[in-house]
C-alpha cells in the first residue's frame, strides 16, 4: 500500500479548522512525521519550551507517545503534554489500516485550578528558561473548556474519513510494494540481500530497483537499512534489552557498524537515543 498526502488541500483544511476553533492542529503520517501544522507560527510558549534542547526532546517524546497510543488502540487519545497542556490525537483509518494522525491542542484548560502556571513552572524548572517570560507566554495561551475540546475532536473524527474519500489522502494498492514491505519487516533479523528480495518477490534486479525507487524513493539497500533503524528505535524504547542485542535483532551482526549506521540515520548513538526516550523501560 502506497499513501500519498495532498499537502495543499490538507493545509487549507487545517487552516479552516484553526480559524473556527483557534486550536493548533497538525497532521502526521503513520511513521510519526509531522506533515502540516497550523497556524504557521507556533505559540510563543511552545516556541520557548522548544528553544531548550531538553524541552524540544520532551515535546517530540510527548507527541510520539500520544500517536503511539492512537496506533495501539486505533481510537482518539487525550493527554497532558510534558509542559501541562492538553493534546488530542485521532487516528486516520482506511478500514483497519492506519494512514496517519490528526492532532490538535496545546490547550490550557479553563478548569486547571487557581494557579495552573505553578504546575508548569515545576515541570519546566530544569529547562533553565526565563520564568517571567515563560509565565507571560503561558498566560497568553487561549483557554478552552474540555467540552469544546471534545466537540473539536468529534468534528475532526468526522473529517478523518473525508480525507481519503475526497482523495486528500490517496491510498494506492501496489501489491509488489506491499509484499516487499511485509517481507522486509518480517525478516529484519536476517541478511536481506538484493538477491534475497528478488527471490522473495520473484522479480528481476532491475524491477526491484524500479519498485523501491517509485514507491519508497530509495534503493533496496537504503530501504532495508531504514526499516532496520526504525525497528531498532522502537525496540530501544520498548524493550529492556542490551543495545548490542537490539542490533542483532534487527540484522546488524557487527555492533560497531550498528552504532555507525544508527548515528548516521538519527544523529544519536543507540544508548543516547534510549536515554532521550525512556518510555516503558
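Residue numbers (this note's numbering): 10 to 290. Glycine included, C-beta positions come from ideal geometry on N, C-alpha and C.
- Selection 185, 162, 103, 255 evaluated against residue 172 yields 103 as nearest (Cα-Cα).
- For residue 275, the enclosing alpha helix (DSSP H) begins and ends at 264-275.
- The DSSP-derived three-state label of residue 29 is helix.
- The closest CA to that of residue 58, considering only 45, 130, 42, is found on 130.
- Judged by DSSP in its simplified three-state form, residue 223 adopts helix.
- Taking C-beta atoms under 8 Å as the contact rule, residue 259 and residue 197 qualify, at a distance of about 5 Å.
- Beta-bridge annotation (DSSP): residue 258 is not paired with any residue.
- Between residue 27 and residue 33, the C-beta gap is smaller than 8 Å, which places the two residues in contact.
- Excluding five sequence positions before and after residue 89, the CB atoms of its chain that fall closer than 7 Å to its own CB belong to 95, given in chain order.
- Just so you know, the alpha carbons of residue 161 and residue 185 end up roughly 39 Å apart.
- The beta carbons of residue 112 and residue 98 sit about 4 Å from each other, so the pair counts as a contact at 8 Å.
- Under the three-pair Cβ rule at 8 Å, the region 124-141 counts as touching the region 46-66.
- Taken in chain order, the unbroken stretches of alpha helix (DSSP H) that lie wholly in the region 52-105 and span 4 residues or more are 53-59, 62-82.
- Counting the other Cβ atoms within 10 Å of the Cβ of residue 213 gives fewer than 16, which makes it exposed.
- Per the DSSP secondary-structure output, residue 35 pairs in a beta bridge with 46, 112.
- With a beta-carbon spacing of about 10 Å, residue 108 and residue 36 fall beyond the 8 Å limit used to define contacts.
- The three-state reading of DSSP puts residue 251 in coil, since its state is none of H, G, I, E or B.
- Straight across, the Cα-Cα distance linking residue 76 with residue 203 is about 33 Å.
- If you draw a straight line from the Cα of residue 236 to the Cα of residue 268, it is about 15 Å long.
- The Cβ atoms of residue 70 and residue 47 lie no closer than 8 Å to each other.
- If you compare the alpha carbons of 284, 263, 282, 50 with that of residue 200, the shortest gap goes to 263.
- The three-state reading of DSSP puts residue 12 in strand, counting E and B together.
- Using a Cβ distance threshold of 8 Å, residue 210 and residue 188 count as a contacting pair.
- A straight-line Cα-Cα distance of about 28 Å links residue 231 and residue 79.
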